[in-house]
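Novice: Would you mind keeping the following structure in view while I ask a few things?
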Amino acid sequence: MGTLNVKLVSSREDLNRNTRNILQDLKALEAMLEESWFNEAPIHIGAEQELCLVDSHCKPKPISLEVLDRVQSSGFTTELAKFNIEINLDPLEFRDSCFSDLAQSIAQRLSELYALGSEMGFDPVMTGILPTLRKTDMEDHNCTPLQRYYALMEALGKMRGREYELSIRGIDELNIKHDSAMLEACNTSFQVHLQVTPRDFVQKYNIAMAISAPTLAIATNSPYLFGKRLWSETRIALFQQSIDTRVVSEHLRDRSPRVTFGNHWMKDSVIELYREDIVRFRPMLMTEPDGDVAKMMEEGQTPKLSSLMTHNSTVYRWNRPCYGISPNGKPHLRIENRLLPSGPSIVDEVANAAFWLGLMVGAHQEYGDITKKMEFDDVRSNFISSAFAGHDTDLVWLDNKKISTRELIAKELLPLAKQGLEQRKVKAEDIDYYLGIIESRNEARRTGAYWILQSLNKLSKEVLSDERSSTLTSAMISNQKSGKPIHEWELACRQDSREWSATSLLIEEFMTRDIFSVEQDDIPELVANIMDWQRVRFVPVEDKQGHLCGLVTARRLIRYLVDKAENAKHVEKTVKDLMIEDPITISPDKTVMEAMRLMKHHNSPCLPVVKNKALVGIISEGNFLNVTASLLNVLEEQHEG
């Protein structure tokens with residue numbers, strides 16, 4: 269979570285002063301561990317729920333600050349983007365009805381959001397990546413206007429010193445450049461915390477690493493980004509690339525990304541994780557310390573270790589060590605599971621938490637020192653494989669045994685999770701209900717990622733591409749309100765569509781992205797064949813940097829070819845001689861109506877779509893026919909209704 273009272277490390281003086289404060293905090297943490305300051309009982313669990321806010325067309329609605337001004341319940345707070353909200357849920361003792369209590373706590377806060385949404389025109393959505401996100405939504409204007417987020421954006425930009433690039437391959441392929449670290453805000457998660465005693469921390473942290481892959485595989489819910497079907501849990505690849513501060517070097521030097529699974533097993537103490545992060549990563553943000561740490565400890569006061577924790581908040585381990593202060597004033601340690609996506613439903617999220625928490629106890633009890641039974645490289649490879657392929661993954665498990673995720677969960681991990689929850693004296697009803705959801709999901713092979721991909725396949729036969737993301741999101745909202753777990757959801761269908769409005773569409777949502785272009789020195793005959801083979805009437809002209817230079821129309825090409833056929837003294841020309849220089853263009857963040865007005869005003873049959881001088885798409889009458897067809901379908905359904 270971290271404090272909001274931070275600023276950018278902007279000078280050498282800041283860096284040195286902050287580094288001293290971090291080192292002093294680390295020294296204090298070592299002393300508290302040596303002197304047994306830490307709270308060991310009772311053991312608590314906690315969670316953070318991230319949500320998206322969408323409008324009546326299921327598009328991101330950047331009104332988080334207005335919503336937060338009106339909520340009454342505790343725990344609501346901001347996130348990086350103005351269309352996201354986070355709920356910090358109250359810690360619960362890890363026993364009895366903790367999971368049903370957690371579900372009820374989330375449901376109560378969601379009920380408040382639903383009530384506010386009916387007044388303010390929004391819906392909350394639990395999803396790993398919102399299907400209707402557009403690249404234009406990830407601009408700096410949607411950054412929550414608080415110093416912490418501005419400082420983070422500035423720090424990342426300062427460290428990278430270049431454009432942000434995403435390159436993710438799945439069923440489809442996404443290759444884009446972006447000028448903002450706001451890409452991080454695409455990710456929405458459900459973070460689970462487990463309090464761990466100092467003496468158990470090393471072994472339990474290693475257990476958390478080992479079980480990361482199967483825990484993630486059964487919970488995947490983020491396969492779709494910017495209209496592309498990518499990894500089963502695309503959040504993993506997206507987050508690492510969006511926060512990657514490394515600069516490409518010609519040397520074969522290993523540099524750890526700031527978003528990391530880890531590089532090796534833990535050996536001695538939680539201190540080694542903090543030391544490694546201090547060594548590997550320069551501080552990006554800083555906060556003023558809460559007094560003299562050494563003096564506070566002499567007086568028996570537990571220090572907040574603000575400088576160390578601020579640094580920790582900018583190193584994104586998927587299993588993150590956390591330090592905090594308990595209500596009784598004693599310090600405690602936690603392991604934060606950052607793997608799990610938000611959604612698909614409340615009961616699915618709590619089931620994921622119960623599965624992981626049960627394994628943290630049961631697997632630790634069964635396996636002991638996991639480092640003697642598995643290689644770390646296999647554990648890390650399992651994690652990436654599960655993020656990529658989800659439930660359809662073979663994992664390398666104990667003693668180098670290869671086993672399918674489905675079989676491993678059914679035969680080994682579910683019994684261990686049950687054993688762990690029973691050891692914590694969790695109510696039998698909670699154990700049976702929430703682990704039963706994992707069992708049913710595993711048997712049905714119906715994760716959130718599977719539901720999204722199968723729904724998209726179904727919708728591709730029923731609705732036009734412009735509507736699929738909105739229809740999918742609308743179906744998510746309806747199913748979440750029903751309270752059913754994902755394995756009981758029907759696939760999204762046309763009937764899930766909401767009132768559709770062409771005027772709300774942005775250019776990037778309906779433009780043609782698969783563009784066939786030529787260069788200025790190409791021959792006109794190549795253009796003629798492109799038009800013939802691809803059945804297009806316009807071919808953009810680009811330079812080698814992808815910048816738009818001009819546009820060749822069928823009319824200009826025909827004139828040239830006729831002249832060539834009829835004129836014996838015809839002079840051979842190149843594309844540069846035929847193209848329209850400086851054609852009328854439009855940016856991807858404009859609306860359909862703006863495009864129509866521009867085309868009508870200039871009597872232009874098409875508009876190249878340009879961002880930062882680069883050609884990113886093209887729109888023509890054919891695109892508007894698709895929009896019109898969708899609108900007519902809606903009107904027909906409304907008439908029949």
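Convert by adding 268 to the 1-based position in the sequence shown; the result is the number in this note's numbering.
Yeah, the Cβ is synthetic: ideal placement off N, Cα and C, and Gly gets one too.
Values in this document were obtained by computation on a predicted structure and should not be read as measured data.
Would DSSP call K837 helix, strand or coil?
Specialist: Position 569 of the sequence shown, counted from the first residue, corresponds to residue 837. If DSSP states are grouped into helix, strand and coil, K837 belongs with coil.
Novice: With 16 as the cutoff for other CB atoms within 10 Å, does K868 come out buried or exposed?
Specialist: Residue numbering aside, residue 868 sits at position 600 when the sequence shown is read from its first letter. Classification for K868: exposed.
Novice: CB of I504 to nearest heavy atom of the ligand MN: below 6 Å?
Specialist: For the ligand MN, the structure offers nothing, since it holds no ligand at all.
Novice: To the nearest angstrom, how far is it from the Cα of K535 to the Cα of F529?
Specialist: Here residue 535 refers to the residue found at position 267 when the sequence shown is read from its first residue. Here residue 529 refers to the residue found at position 261 when the sequence shown is read from its first residue. Near 16 Å, if we compare the C-alpha coordinates of F529 and K535.
Novice: Does the segment 653-662 come close enough to the segment 460-470 to have 3 or more Cβ pairs within less than 8 Å?
Specialist: No, because fewer than three Cβ pairs between the segment 653-662 and the segment 460-470 fall closer than 8 Å, the two stretches do not touch.
Novice: Let's test the definition: count the other Cβ atoms within 10 Å of the Cβ of M477 and tell me whether it reaches 16, buried, or not, exposed.
Specialist: Taking the first residue of the sequence shown as position 1, residue 477 is located at position 209. The residue is buried, with at least 16 neighbouring Cβ atoms inside 10 Å.
Novice: Where does H461 fall in DSSP's three states?
Specialist: Against the sequence shown, residue 461 aligns to sequence position 193. In this structure, H461 counts as strand in the three-state DSSP scheme.
Novice: Tell me the DSSP secondary structure of M300 in three-state form.
Specialist: The residue labelled residue 300 in the question sits at position 32 within the sequence shown. DSSP places M300 in helix when its eight states are reduced to three.
Novice: With DSSP run on the structure shown, which of helix, strand or coil describes L676?
Specialist: Mapped onto the sequence shown, residue 676 falls at position 408. Note: L676 maps to helix in three-state DSSP.
Novice: What's the call for K879, buried or exposed, on a 16-neighbour Cβ count within 10 Å?
Specialist: By one-based count along the sequence shown, residue 879 stands at place 611. K879 is buried by the Cβ-count criterion.
Novice: Pick from P808, E303 and A796: whose alpha carbon is nearest that of E787?
Specialist: Looking up residue 787 in the sequence shown gives position 519. Among P808, E303 and A796, the Cα nearest to that of E787 is on P808.
Novice: Per DSSP, which one or two residues make a beta bridge with F549?
Specialist: The residue you call residue 549 lines up with position 281 of the sequence shown. Answer by DSSP bridge pairing: none, since F549 is not bridged.
Novice: Does the segment 741-759 touch the segment 643-652, meaning 3 or more C-beta pairs lie closer than 8 Å?
Specialist: These segments do not touch.
Novice: Among residues of its own chain, excluding the 5 on either side of L676, which ones have a beta-carbon nearer than 7 Å to its beta-carbon?
Specialist: Translated into the one-based positions of the sequence shown, residue 676 becomes position 408. Excluding residues within five positions, the ones whose Cβ falls inside 7 Å are P482, L663 and W665.
Novice: For G592, which beta-bridge partners are listed by DSSP?
Specialist: Taking the sequence shown and counting its residues from 1, one reaches residue 592 at position 324. Note: G592 sits in a beta bridge opposite H600.
Novice: Determine, using beta-carbon pairs with one atom in the segment 278-290 and one in the segment 569-585, whether at least three such pairs fall under 8 Å.
Specialist: The segment 278-290, when compared against the segment 569-585, does touch it at the 8 Å Cβ threshold.
Novice: Can you tell me the Cα-Cα spacing of A619 and S728, whole angstroms?
Specialist: Within the sequence shown, the letter at position 351 stands for residue 619. Within the sequence shown, the letter at position 460 stands for residue 728. Whole-angstrom Cα-Cα distance: 31 Å.
Novice: Let's see if you can read the secondary structure: which residues bound the alpha helix (DSSP H) around R273?
Specialist: Residue 273 sits at position 5 when you count from the first residue of the sequence shown. The sequence as given places Asn at residue 273; Arg does not occur at that position. Unbroken run through N273: none, as it is neither H nor E.
Novice: With distance defined between alpha-carbon atoms, name the residue in I539, I783 and P491 nearest to E302.
Specialist: Locating residue 302 in the sequence shown gives position 34, counting from the first residue. When each option's Cα is compared against that of E302, the closest is I539.
Novice: With DSSP as the reference, please indicate the residues paired to H815 in a beta bridge.
Specialist: Position 547 of the sequence shown, counting from 1, holds the residue named residue 815. Its beta-bridge partners are A882.
Novice: Kindly indicate which residue of L601, P491 and E501 has the alpha-carbon position closest to the one of S537.
Specialist: Reading the sequence shown from its first residue, position 269 is the one you call residue 537. It is L601.
Novice: Considering K472, what are the terminal residues of the alpha helix (DSSP H) in which it resides?
Specialist: For the purposes of this step, residue 472 is taken as the residue at position 204 of the sequence shown. First-last of the alpha helix (DSSP H) with K472: F469 to A478.
Novice: Which stretch, first to last residue, makes up the beta strand (DSSP E) that contains V445?
Specialist: Position 177 of the sequence shown holds residue 445. According to the sequence displayed, residue 445 carries Lys and not Val. Per DSSP, K445 belongs to the beta strand (DSSP E) from E441 to H446.
Novice: Which class does Q317 belong to by DSSP, given the choice of helix, strand or coil?
Specialist: Counting from 1 along the sequence shown, the entry for residue 317 is found at position 49. Reduced to three states, the DSSP call for Q317 is strand.
Novice: In terms of residues, what are the limits of the alpha helix (DSSP H) holding R736?
Specialist: Numbered from 1 along the sequence shown, position 468 holds the residue referred to as residue 736. Residues S733 to S750.
Novice: DSSP puts C874 in a beta bridge; with which residues?
Specialist: Along the sequence shown, one-based indexing puts residue 874 at 606. Answer is S888, bridged to C874.
Novice: Label S341 either buried or exposed according to how many other C-beta atoms from any shown protein chain fall within 10 Å of its C-beta, with 16 as the threshold for buried.
Specialist: Translated into the one-based positions of the sequence shown, residue 341 becomes position 73. So S341 counts as exposed.
Novice: Quickly, what does DSSP pair C411 with across the bridge? List them, please.
Specialist: The residue labelled residue 411 in the question sits at position 143 within the sequence shown. For C411, which the question treats as bridged, DSSP gives the partners A349.
Novice: Compute the Euclidean distance between the alpha carbons of S279 and K686, then round it to the nearest angstrom.
Specialist: As a working mapping, residue 279 is identified with position 11 in the sequence shown. As a working mapping, residue 686 is identified with position 418 in the sequence shown. If you take the alpha carbons of S279 and K686, they lie about 52 Å apart.
Novice: Round the Cβ separation of L381 and R338 to the nearest angstrom and send it over; I've been treating them as touching at under 8 Å.
Specialist: Position 113 of the sequence shown, counted from the first residue, corresponds to residue 381. Position 70 of the sequence shown, counted from the first residue, corresponds to residue 338. Between R338 and L381 the Cβ distance is about 10 Å, and since that is not below 8 Å, they are no contact.
Novice: Expressed to the nearest angstrom, what Euclidean distance is found between the alpha-carbon atoms of L319 and T456?
Specialist: The residue labelled residue 319 in the question sits at position 51 within the sequence shown. The residue labelled residue 456 in the question sits at position 188 within the sequence shown. Whole-angstrom Cα-Cα distance: 6 Å.
Novice: Taking 7 Å as the cut-off, decide whether the C-beta atoms of L498 and M628 are in contact.
Specialist: Counted from its first residue, the sequence shown places residue 498 at position 230. Counted from its first residue, the sequence shown places residue 628 at position 360. No, the Cβ-Cβ distance between L498 and M628 is not below 7 Å.
Novice: At which residues does the alpha helix (DSSP H) containing F644 begin and terminate?
Specialist: Here residue 644 refers to the residue found at position 376 of the sequence shown. Element bounds for F644: F644 to A657.
Novice: What residue ranges within the segment 337-391 form continuous beta strand (DSSP E) runs of no fewer than 3 residues, ordered along the chain?
Specialist: Here the runs fully enclosed are 344-346 and 352-361.
Novice: Based on the DSSP secondary-structure assignment, which residues constitute the bridge partners of P808?
Specialist: Indexing the sequence shown from 1 puts residue 808 at position 540. BP columns for P808 point to L819.
Novice: Rounding to the nearest angstrom, what Cα-Cα distance links T715 and P392 in this structure?
Specialist: Taking the first residue of the sequence shown as 1, we reach residue 715 at position 447. Taking the first residue of the sequence shown as 1, we reach residue 392 at position 124. The alpha-carbon atoms of T715 and P392 are separated by roughly 21 Å.
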